[in-house]
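Before any comments, here is the structure.
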Amino acid sequence: MAEIEHPRLQGWHFVLLNIILGLAHMLVLFNAGSYVALLPHAAGDLGGVLPSFGTWAQTDFLIALALAFPLARWCASRFGERRVFTVAFIVYAAASALCVIGGGIATFVPARILLGLAGGVTLPLGQTLLLEEYPDRLKSVGLSIWGLFTLMPFTLGLATGGWLADTWSWRALFILNIPLALLVAASTAALLHGRAVEIRRERFDLAGFLLLAVIFGGLQTMLNEGNDVDWFDDPVLRIVLVIVALAIPAWIIWELGEPRPAVDIRLFGRRNFFVGLGCLGIGFLAVQGLSALFVVQLQTLMGYSSTLAGLVFLPMMLLGIPVIAVMHELAKHVDVRLLACLNALGFAATFYWIGLYDDPQSYDHFFWPMVLEGVFLGSFFTPLTVLTLHGLTGERIMRAAEAANLFRIAAGALGITWQGIIVFRRKPFHQLQLSDHFGGRMSASYDPLQQITLKFQEAGFDPAVIPYKLQLLVKQQAGILALNDAFFVSSFLCMGLAVAVWFAQSTRVPTRSPVRAVKELRAEELMEQP
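Numbering (numbering that gives the first Met the number 0), first residue to last: 0 to 529.
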């Protein structure tokens, strides 16, 4: 099937397409970042029946976003990029409408899953549509513009989401999605109307895709609900565990025998891909998990407004964006194992610094750690992406980027729940330790609780209120110490990554051809989407 071929867009049509596709890209990524700041509002308004409900809609959204990558490739080859992109944003608008009217878990979470699936399909297709309008000599410029659109939602998304929740409503995020998504769909269809469509009738690896969905969905379900139902004492989670345990080997065997697999599992046989993706996934698990945990704990534990909690992350953009450009150049001349090692050590030091925090009133305490985290976030993706793609050629470059994106985003979803589990398990421990200390059980000759109570009475406090206030203080401090533990664990994890990257092979290679350089840059930009 083919349509009348048109020349590339020129003038204001070309500029408008860049703006529309950039808006589309930001719209999807904003929903990945902004919603985290809305979690306390959404969980309270929707009436979650379990303590972990607040994260369900975010983690399931990210799993759907990850699973959309192999689906996007097949849909584009079967129906054409423009058509799939347009329809995906119409579905995106419909899913947003369902999120607006969703009144409980049963309707809101499935709507978020549909939103993630539709949004994930658009991410690789938007890049393809943009680059088709650039001549070969300017494709690197187009990729640089795409990279700028990629970073802005991650740095501004949390602050924007918090502001929407405090100023209007947490549902305003989804209300705004509807007209913007329809605008993107209509504008893209109009600007690219009549473009040639190359149709390839390939068989979709449905079995491999469904097995992968079962694996990630099952793992996420176990982590989401484990704390609430006492893990595998619950018969449902035992059944889920058995299903996942059977699905993993079944998926591996199936993909090895499939000529056009949903995920090219043979890539894991390459040392650099295995090491690079492992470090990328584990690192993103720590970074994404801590970001989501931190912004929620700032609100629920320390009393920050959603806006203020989001603004804590704003300093990350000060140096984060310039660092990315520098890293792209450095990666051409320096062994990226060294860059990745230094980046992991930088993250380890930053997380350890934040883990020393103990004052809930000290907003300024976060400024410099967040500036540093922005630097290391900006330098995180490029070296590990180059390491992961090293030695690949032709179509395998984009297949590797697709697989890496899938596993990295899924790791981020698992990381959100994993960090929450650390806090859930450590908070009672610290509360017991603090209670023992203040209750006088740590010393036979000194009773801190009695001394503090006398001080409060001398200050004019009602004796009946003092124990309650002290109990709240102990709970808050226990929560802060548990949050610190999550940062310490991630710090030690990053130290391990600094060692692990050296198991990969050196990435020093001869000068690449312009065509290969553009292919690799496309794959890198696709993998650097937060």
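A virtual CB, placed ideally from N, CA and C, is assigned to each residue, including glycine.
Source: prediction; values computed, not measured.
Cβ-Cβ distances below 6 Å link I353 to P368, F486 in the same chain, with the five nearest sequence neighbours on each side left out; the list follows chain order. For M301, the closest of P427, L472, F437, I415 by C-alpha to C-alpha distance is L472. In this model, T387 and G275 are separated by some 4 Å (Cα to Cα). Boundaries of the alpha helix (DSSP H) around G53: 52–78.
Assignment of Y91 by DSSP, reduced to helix, strand and coil, places it in the helix class.
The alpha carbon of G53 has as its nearest neighbour, out of A41, D229, L218, the alpha carbon of A41. Note on R425: 16 or more other CB atoms within 10 angstroms of its CB, so buried under the neighbour-count rule. The C-beta separation of A343 from L496 comes to about 4 Å, placing the pair in contact by the 8 Å criterion.
Taking one beta carbon from each stretch, the segment 403–419 and the segment 268–285 have 3 or more pairs nearer than 8 Å; the two touch. Judged by their CB atoms, L480 and V295 are not nearer to each other than the 7 Å cut-off. Distances from the alpha-carbon of F203 to those of S168, L222, E254 put E254 closest. L245 and E224 have their C-alpha atoms spaced approximately 20 Å apart. Under a 10 Å Cβ-count criterion, A189 is classified as exposed, with fewer than 16 other Cβ atoms of the shown protein chains found around its own Cβ. By the neighbour-count definition (other C-beta atoms within 10 Å, threshold 16), D232 is an exposed residue. A residue is called buried when at least 16 other Cβ atoms come within 10 angstroms of its Cβ; G373 meets this threshold and is buried. About 5 Å separates the beta carbon of I62 from that of F215, a gap short enough to meet the 8 Å contact definition.
Short of 8 Å from the beta carbon of W55, and not among the five residues preceding or following it, lie these beta carbons of its own chain, in chain order: G47, I104, V108, N223. The way I'd put it, the segment 107–126 does touch the segment 65–83; three or more beta-carbon pairs between them come closer than 8 Å. Within the model, the alpha-carbon separation for V86 versus F346 is close to 40 Å. Residue ranges of uninterrupted alpha helix (DSSP H) with 4 or more members, entirely inside the segment 359–400 and ordered along the chain, are 366–377, 380–388. In the displayed model, F208 falls within a helix according to three-state DSSP. E254 carries a helical assignment under DSSP once its states are collapsed to helix, strand and coil. For the 7 Å CB-CB criterion, L313 and A158 form a contact. Rounded to the nearest whole angstrom, the C-alpha separation of F437 and S489 is 30 Å. Taking each of C340, L113, D44, A164 in turn and checking the Cα distance to A36, the smallest one comes out for A164. Judged by their CB atoms, W417 and G256 are not nearer to each other than the 7 Å cut-off.
Separation of R72 and R170 (C-alpha to C-alpha, rounded to the nearest whole angstrom) is 31 Å.
Taking 7 Å as the cut-off, the beta carbon of L210 is found no closer than this to the beta carbon of M221. Counting the other CB atoms within 10 Å of its CB gives Q9 a total below 16, which places it among the exposed residues. With contacts defined by Cβ atoms closer than 7 Å, L26 and L129 do not form a contacting pair. Excluding its 5 nearest sequence neighbours in each direction, L124 has C-beta neighbours in its own chain below 8 Å: A71, A75, E80, V83, F84, A87, listed in chain order.
In terms of Cβ geometry, A308 and Q298 form a close pair [threshold 7 Å]. When DSSP states are grouped into helix, strand and coil, A180 belongs to the helix group. Here T58 is not near G161, since their CB atoms are 7 Å or more apart. DSSP, reduced to helix, strand and coil, places P427 within a helical segment of the structure shown.
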